[in-house]
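Below is one structure, written out as structure tokens; the observations come after it.
Residue numbers (this note's numbering), protein chains in the order written: chain A, 1 to 450; chain B, 1 to 341.
This is the structure we're talking about:
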């Protein structure tokens, strides 16, 4: 068992090594995207129930003002990302492919766009639960993509203690650089955020996991780290899907999270570095989650950039700002190429969980012939959960979903490593998603019948 | 303002894929068989080329015939051609062409297509074809000639014999190194075995070329190096132990390693991904099993050579190996795993 002290380059077992294509935006400093003519803020951009609007159409709101509040515990506050007028609350296209109730905001072109309630929050006198409550006020969700409400994650269940706080700065998705740029340009907010969260969790120590393709960031963080902060930078081998909570916990701490359990069950909490930096900014000058760093990249966009984007900015506006798309664009993704989601319409908004926008051309996207499985072992060697995707794939094809349970399908975290390596181009993880959804549905039906 | 994009494709993640597909892997194996075939041509002349063509034609015919109506022609993935070429490399250079052709047909139909085609076969198809020929034409499968390196056209009349007729052309026959070991206790110099100037089937002769081709495939990650390494290690170990016990009765480890079809079998046949285990631990066991069986058949069995049956037997054990070597999944309790089905 590797201790936290004596380590060189840690990693998890299995996984894949896709080309990272990070050089497209590696050296682009964060640019501030101007406020566009219209911002669309879906009430549901996090895991959990949708937020409830607290403003009405026609109302003038200020940047950072609460416009929708959390509805229930697993939900999140939503703030105006610009000063302007609420022009509508209506159904709009959502990046998930559905139409979702959204608050439409028309930014005031003459407003200086200062923050609604600019202040620094002194957390030294706050109790852990008060800090968590404050973070909930700021509307923070996991910025890595899953968008799980942060205050929920930071609330340890009764009787459970947290020892380690893991900051996820792995960014193992190819193409994306938003976490990397945050490390380089926002390290002060990150350190403050770590301090806040450590206090909120009453945890012993924080570890920042960074992959070796960000050596300069590792050096910089080590240099700038405040001496009194119980925090350590952990260089990790560059490998996908190291950013998954289970893999990061294994890589940094050499602890396995038991099947079906959460990091908290091994006294660990994992947060994305963007979230931590946002929390730092919130306690520094009172800015809730109203903007985020988005890597706009890929061979299909004319000017790849790292942008600070007001939440709710429409994809079409980002495209126009980045010089437009090339003609041969075939797919536009929100998120990275391994776990992101394809977009059909360009009027969908950038949300809290949108870490990148990726434009793929017909060179990357083309129909591939599917061959039968030749049992080449590549998926078995890739699966970070040690499943047998080859076997699961043939069971899924035969729709033997119940048999898939015996092969631990529910432990699949849908990282897509199996589909990535499969030389027979079998849509493995795609079939697993369907199988898992059906099995969950079946289970829900059974428990209802009882 | 445009709200609708260009023709945007809606698929689900991952959107990135490595570019080497199954057909690419299969053709890599085919290309790496070319040097082995060239060596066979050097030693056995045009006969090697004709036999290989006959086997490939035999293997390709049913694959093409049964796939001609489906939209995807399975011939293009190259796996049928591997089967044909490998079968040819296991044949004595004096095999009549019609037998070679028939062997190819049997290899693909009984070895692969009746199981459902590529990916579904339990046994290595080339070895199924070879086992059929061994059973049906034992005499032809054990008639060996000495190689004639660089000879211009050693085209024997036997080669063109008509089906089921006894060829009346005689060749100067000889024994393979393994047969002379078994029946006359005569050893063959290792240098001859390495270079291939001994009697044997087309691909049994030059050990060095097969090893180099295997090395290339292993580096390209087309074949799993664990299988041949485990076979070699087991064979060498067992042979060394026996040689140490009684050097007058048993052959040296290097003799066992470099003679017969061990190289060809270990590098090109045992490594067939479809019929070998899917777990890495399983591959070590699979290779060790082959190694043990090879030695058992060669030393204690009635046949001089046992690579073919060793691989076929371990092919049959593969599903069992897969089941027992399934890894403990991430986060799974060690104790619970043993009691689960």
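Built from N, CA and C at the ideal position, the CB exists for glycine as well.
On a predicted model such as this, the values are computed, not experimentally measured, just so you know.
Subject >> residue 102 of chain B to residue 55 of chain B span [Cα, whole Å] >> reply: Straight-line measurement puts the Cα of residue 55 of chain B at about 8 Å from the Cα of residue 102 of chain B.
Per-residue DSSP class, three states only, for residue 426 of chain A: Coil.
- Task: Starting from residue 226 of chain B, trace the beta strand (DSSP E) both ways and give me its first and last residue.
- Result: Under the DSSP assignment, residue 226 of chain B falls outside any beta strand (DSSP E), being part of the alpha helix (DSSP H) whose first and last residues are 226 to 245.
Quick check: the Cα distance between residue 278 of chain B and residue 388 of chain A, rounded to an integer number of angstroms?
Between the alpha carbons of residue 278 of chain B and residue 388 of chain A lies a gap of roughly 9 Å.
>> Does the structure place the region 86 to 106 of chain A close enough to the region 158 to 174 of chain A that three or more beta carbon pairs sit under 8 Å?
In response: No, the region 158 to 174 of chain A does not touch the region 86 to 106 of chain A.
Indicate the three-state DSSP secondary structure (helix, strand or coil) for residue 152 of chain B in the structure shown. Confidence in residue 152 of chain B is poor, its pLDDT being 49 and thus under 50, which makes the residue's placement too unreliable to answer from.
Quiz item: Is the region 33 to 41 of chain A touching the region 255 to 266 of chain A in the sense that three or more CB pairs, one from each, lie closer than 8 Å?
Solution: Verdict: no, contact absent.
Neighbouring residues, chain B, relative to residue 425 of chain A (Cβ below 9 Å)
17, 21 and 22, listed in chain order.
Along chain A, which residues have their Cβ under 9 Å away from the Cβ of residue 326 of chain B?
Going along chain A in sequence order, the residues near residue 326 of chain B (Cβ under 9 Å) are 386, 388, 391 and 407.
Buried versus exposed, by CB contacts within 10 Å (16 or more), residue 152 of chain B
Bear in mind that the predicted position of residue 152 of chain B carries a pLDDT of just 49, short of 50, making it too unreliable to give a figure here.
**Q.** Buried versus exposed, by CB contacts within 10 Å (16 or more), residue 421 of chain A
**A.** Residue 421 of chain A comes out buried.
- Output, in chain order, the set of chain B residues within a Cβ distance shorter than 7 Å of residue 256 of chain A. Under the 7 Å cutoff, chain B gives 330 and 331.
Practice task
Can you check DSSP and say which residues form a bridge with residue 305 of chain A?
Solution key: A:296, per the DSSP bridge assignment.
request  = Leaving out five residues on either side along the sequence, give the residues of the same chain with a beta carbon under 7 Å from the beta carbon of residue 414 of chain A.
outcome  = Non-local C-beta neighbours of residue 414 of chain A in its own chain, meaning closer than 7 Å and more than five positions away in sequence, comprise 429, 432 and 433, ordered along the chain.
Is it buried or exposed, residue 441 of chain A, if we count other Cβ atoms within 10 angstroms and call 16 or more buried? Classification for residue 441 of chain A: exposed.
*asked:* Considering only DSSP beta bridges, list what residue 342 of chain A is partnered with.
replied: Beta-bridge annotation (DSSP): residue 342 of chain A is paired with A:333.
### Task
Run down chain A in chain order and give the residues with a C-beta less than 7 Å from the C-beta of residue 11 of chain B.
Those within 7 Å of residue 11 of chain B in chain A are 342.
Residue 314 of chain A (DSSP reduced to helix, strand or coil):
Strand at residue 314 of chain A.
Determine, for residue 416 of chain A, whether the minimum Cβ-Cβ distance to residues of chain B falls below 9 Å.
Yes - at least one Cβ of chain B is within 9 Å of the one on residue 416 of chain A.
When burial is assigned at 16 or more other CB atoms within 10 Å of the CB, is residue 9 of chain A buried or exposed?
When all chains shown are included, residue 9 of chain A counts as exposed.
Residue of A:256, A:51 and A:380 minimising C-alpha distance to residue 327 of chain B: Nearest option by C-alpha distance: A:380.
Quick check on residue 175 of chain A: does DSSP put it in helix, strand or coil? Coil, per DSSP.
Exercise. Tell me whether residue 240 of chain A is buried or exposed, calling it buried when 16 or more other Cβ atoms sit within 10 Å of its Cβ.
Key: The residue in question, residue 240 of chain A, is buried, as its Cβ has 16 or more Cβ neighbours within 10 Å.
| request: Verify the CB distance criterion: does residue 321 of chain B have a CB-CB separation below 9 Å to chain A? | output: Residue 321 of chain B does not count as touching chain A.
TODO: Identify every run of the alpha helix (DSSP H) within the region 375 to 417 of chain A, keeping only runs that are complete inside it and at least 4 residues long; order them along the chain.
DONE: Runs found: 378 to 382, 389 to 397 and 401 to 406.
inquiry  = For a cutoff of 9 Å on Cβ pairs, would you count residue 338 of chain A as touching chain B?
reply    = Residue-level contact by beta carbon holds for residue 338 of chain A and chain B, with a gap shorter than 9 Å.
ask   = What is the DSSP secondary structure of residue 132 of chain B, counted as helix, strand or coil?
value = Residue 132 of chain B falls in the helix class under three-state DSSP.
(Q) My output table needs one value for residue 121 of chain A: the three-state DSSP class, helix, strand or coil. (A) Reduced to three states, the DSSP call for residue 121 of chain A is coil.
| Delimiting residues of the alpha helix (DSSP H) encompassing residue 136 of chain A | Counting along the chain, the alpha helix (DSSP H) containing residue 136 of chain A begins and ends at 128 to 137.
Practice problem: Pull up the distance between the alpha-carbon of residue 60 of chain B and that of residue 23 of chain B, whole angstroms please. | Solution: Straight through space, the alpha carbons of residue 23 of chain B and residue 60 of chain B are spaced by roughly 15 Å.
Worksheet entry | Nearest-angstrom Cα separation, counted from residue 24 of chain A out to residue 175 of chain A | So the alpha carbons of these two residues sit roughly 7 Å apart.
### Query
Smallest Cα separation from residue 424 of chain A: which of B:306, B:287, B:292 and B:274?
Selected option, being the one with the closest Cα: B:274.
Whose C-beta lies closer than 8 Å to the C-beta of residue 255 of chain A among residues of the same chain, with five residues either side of it excluded? Only residues of its own chain outside the window of five on either side were considered, and among them 249, 266 and 268 have a CB closer than 8 Å to the CB of residue 255 of chain A, listed in chain order.
Point to revise | DSSP-derived helix/strand/coil call for residue 79 of chain A | key: Residue 79 of chain A falls in the strand class under three-state DSSP.
(message) Just list the residues that DSSP pairs residue 42 of chain B with in beta bridges.
(response) None, per the DSSP bridge assignment.
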